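This report refers to the structure that appears directly beneath it.
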Amino acid sequence: MINLLENMNEKQREAILLTEGPVLAIAGAGSGKTSVLTRRIAYLIYEKNVHFENILAITFTNKAANEMKQRVYDLIGVSHPRMWISTFHSMCSRILREHIERIGYKKTFQILDDDDVTQLVKSIMKKLNYDTKMFNPKIVKNYVIKIKYDKSVIDSIESPFEEVVKTVSKRYNQQLFENNLLDFEDLIVLTIKLLKEHQDVREYYQEKFKYVLIDEFQDTNNVQYDLVSLLLGKNQNIFIVGDEDQSIYAFRGANIENIRKFKRDYPKHHLVLLEENYRSTNTILKAANQIIKNNRDRISKNLFSSKGAGEQITHFKGVTARDEVEFVATKIQELKRKGYDYNDFAVLYRANSSSRSFEEVFMQKQIPYRIFGNTSFFKRAEIKDFTAYLRLMINLDDAYSFIRAISSPKRGVGGVTLDKLADFAADNSLSLMEAIDRSSEILGKSASTNLKNFKEMILDFRTKLNEISFNSLVDYILSESGYIEALKNDEKGDVRYENLLEFKTILSENEVLYQDLSKEEVLVYLLEDISLKSEESQSEILDGVTLMTLHAAKGLEFRVVFIVTMEMGLFPLNRSMMDRKDFEEERRLMYVGVTRAKELLYLTNASVRQTYGETSHNEDSCFIREINANLIDVKGYSEYVNRSFQNTVIQRKKEVSRTKLDNLNQYQENDLNKGDKITHTKFGDGVVISVVNDNCVIAFAQPHGIKRLLKDHPAISKK
DNA sequence: TGAGCGTACGCCCCG
DNA sequence: CGTACGCTCA
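Throughout, my numbering is defined as the position within the first sequence, counted from one, plus 25.
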């Protein structure tokens, strides 16, 4: 018999054993949170004889979910691919796949990723003759998503946007519904709708999920919070784990307040504080504490570790960005010789775009690496094209995939034809596919023949699905659609073809996993997986240096961590320096990065860097200065740099970035009112259109158009 | 009507 | 530096 409490400290045991009633575990970085979660699940199953179907565990990423399943399996040998350990989105997708017909959608719904949503909003805006230069489609999209759940948000939208958002949102939601498509927000919102409107479904799940566990609670948003309450019902066996200092998803609606809200909503909860850190040396922990204590809004925690002081933190500053990359590569090779594995290293950056220079040099120096995020496999054009075919086969109503599939490769049907077809379809309440049958009424002979051929082809693919193997189906679609032929004229055709062949692997893997399902159902699951994982990229390289964003690093640990591009403007990002809340989130991101390191931490940057073809000079990231100097060993060209780059350009740049930082500490209050004429340091003269709380909307001359800005931003001055 | 070419623009994080 | 979009020409 295994002992699930082995090696657990007093607090951790408490968190594992308190299975009944609400429990809030505040878990500092590296405090063994995942062990607690997995052991708690194992304990429920193994010791308390709870069936795994009665446990719901929510993680933040699919990767974390898989890892948790694996660890539970390692502990007690119980596992099942359909265990309810998943992200909010996967869980909702699974519930909806089962019951969505109750709220009027079809079971074959497909999920749109974020890029698709932005594109769709943009195209709707164009159709409605809104100027996409004046109104940034991304901002409109964010509003459209936000008001899905909370209609009252519309009242807080400033005047010129309000109108646009209202109109676009109506059209957008209608189009999604007609095409049987869901966006990520729908997954949650529609699950709430389903549970609210259908008592039997609600009671089924409330009865089913007897024990609920939620990880990374600081990153839940309000909609997710409500969903949790709804799933719980009278059941109070809820266990949440969170750490305010690691909340880094506010841009996506995450609300730190949810932890405090939980305390209020579940007054009888037990509070468990996990403060002992098992990961890092005390030098690293001290640095982390020194950084995070600069944030205003936080409950202070006292992280401690029984590990020794360890090595000093290194700050390396190269003359050029190339030096920085070379330093990282050389250091890795050096440590590798001293006995470290490639797996022990992580290079963490703020923006995905920073990865390229590291990839190049690593490749050149033959350092194996695995890269996470970025243009993931599923976001590549050819993959999206092919999935469009598959989606269309499953869901003939999907106009979005229809357009993608019919346009790649080109088959004599262009924008004009499609517009006409869409208008005709709308007028006669038909789907695009249905409208094709009557297309000769509105279109010329060649266009309507091309459309009919396309439809026949898709219908043929549908028949073939049940007649031939997945492997043959991939080949069949690729050749019949003319896709292969088109790739021959494509410079990157070979690579794209290789990528497409990956579908064979993916399809057959899923076929094995879901043996008891029909081929159509397998395809539905596969497409769902692709949608939910479109942001993640898996790599086949097992032994390699990890390259990833700071965001993606949350929850992971490495013996050696390099946090790179530590420069004002890059990290913290320029944009964040306008607002204290954003800035504090950058600081939490730094905190997350630092606390990933177990033994060695390197902070690197450069004094000269090429960005967008232009040379720029940035000051050291302020986060470096927040660490006590006696913890840091300064290496590299920094002294040389200080002496030799005293030219005016650098001086001026430094002044600019210093001003930006100062602005954070110095409050400027602009007394702005509707109609005021102002000047903006970057956008020039403008007129205030509206002011709501801290925000204002100002109309500038083209090319800037209408901007939504912070009222008190120092760049704005009244005329 | 759609393909090809030149210009403008963007500085992110993710399910 | 790359990509996305718009314009022009075939």
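All C-beta atoms, glycine included, are put in the ideal place defined by N, C-alpha and C.
Computed from a predicted structure; not experimentally measured.
Judged by DSSP secondary structure, residue 602 falls outside any alpha helix (DSSP H); it is assigned neither H nor E.
Contact check between the region 489-499 and the region 538-557: three or more CB pairs, one atom from each, fall below 8 Å, which counts as touching. Comparing alpha carbon positions, the residue from 336, 28, 586, 57 closest to residue 36 is 57. Closest by C-alpha distance to residue 472, out of 504, 507, 696, 435, is 435.
In the DSSP assignment, residue 295 forms a beta bridge with 48.
Per DSSP, the beta bridge partners of residue 395 are 571. Contact check for residue 282 against residue 34 fails: the beta carbons are separated by 9 Å or more. Contact between the region 440-455 and the region 220-233 is absent, with fewer than three C-beta pairs closer than 8 Å. Membership of residue 196 in the alpha helix (DSSP H) is indicated by the continuous run 184-203. In the DSSP annotation of this structure, the continuous segment of the beta strand (DSSP E) that includes residue 340 starts and ends at 338-345. Of the residues assessed, residue 308 falls on the buried side of the cut-off, its CB having 16 or more other CB atoms within 10 angstroms. Here DSSP, grouped into helix, strand and coil, assigns residue 461 to helix. Residue 276 counts as exposed, since fewer than 16 other C-beta atoms from the protein chains shown sit within 10 angstroms of its C-beta.
Secondary structure at residue 310: helix, using DSSP grouped into helix, strand and coil.
Within the DSSP bridge table, the entry for residue 702 names 712 as partners. In this structure, 698 is the residue among 698, 702, 238 with its C-alpha nearest to the C-alpha of residue 715.
Residue 320 and residue 623 have their C-alpha atoms some 23 Å from each other. Per DSSP, the beta-bridge partners of residue 743 are 703.
The region 336-347 makes no contact with the region 288-303, as fewer than three CB pairs between them are under 8 Å. With respect to the 9 Å criterion, residue 528 and residue 597 are not classified as neighbours on the basis of their beta carbons. When Cβ pairs closer than 8 Å are counted between the two stretches, the region 85-103 is seen not to touch the region 185-203, the count staying below three. The Cβ atoms of residue 310 and residue 266 do not sit closer than 9 Å to each other. A Cβ-Cβ contact shorter than 9 Å links residue 587 with residue 373. According to DSSP, residue 301 shares a beta bridge with 329.
For the pair residue 137 and residue 209, the CB atoms are nearer than the 9 Å cut-off. Beta-bridge annotation (DSSP): residue 485 is not paired with any residue. Here the alpha carbons of residue 594 and residue 600 stand approximately 8 Å from one another.
Residue 339 sits close to residue 628, with the two beta carbons spaced by under 9 Å. Residues 90, 93, 110, 111, 112, 240, 241 of the same chain have their beta carbon placed closer than 8 Å to that of residue 84, with the five preceding and five following residues left out of the count.
Within the same chain, Cβ atoms closer than 7 Å to the Cβ of residue 415 are found at 548, 552, the five residues on either side in sequence being excluded. Between residue 571 and residue 376, the C-beta spacing is not below 9 Å. Contact check for residue 584 and residue 369: beta-carbon distance about 4 Å, within the 8 Å limit, so the pair qualifies. Shown here, residue 273 sits in coil according to DSSP, grouped into three states, outside any helix or strand.
Its chain contains 219, 223, 226 as the residues whose beta carbon lies nearer than 7 Å to that of residue 127, once the 5 sequence neighbours on both sides are disregarded; these appear in chain order. DSSP places residue 43 outside any alpha helix (DSSP H), giving it a letter other than H or E. Just so you know, the alpha carbons of residue 427 and residue 464 end up roughly 15 Å apart.
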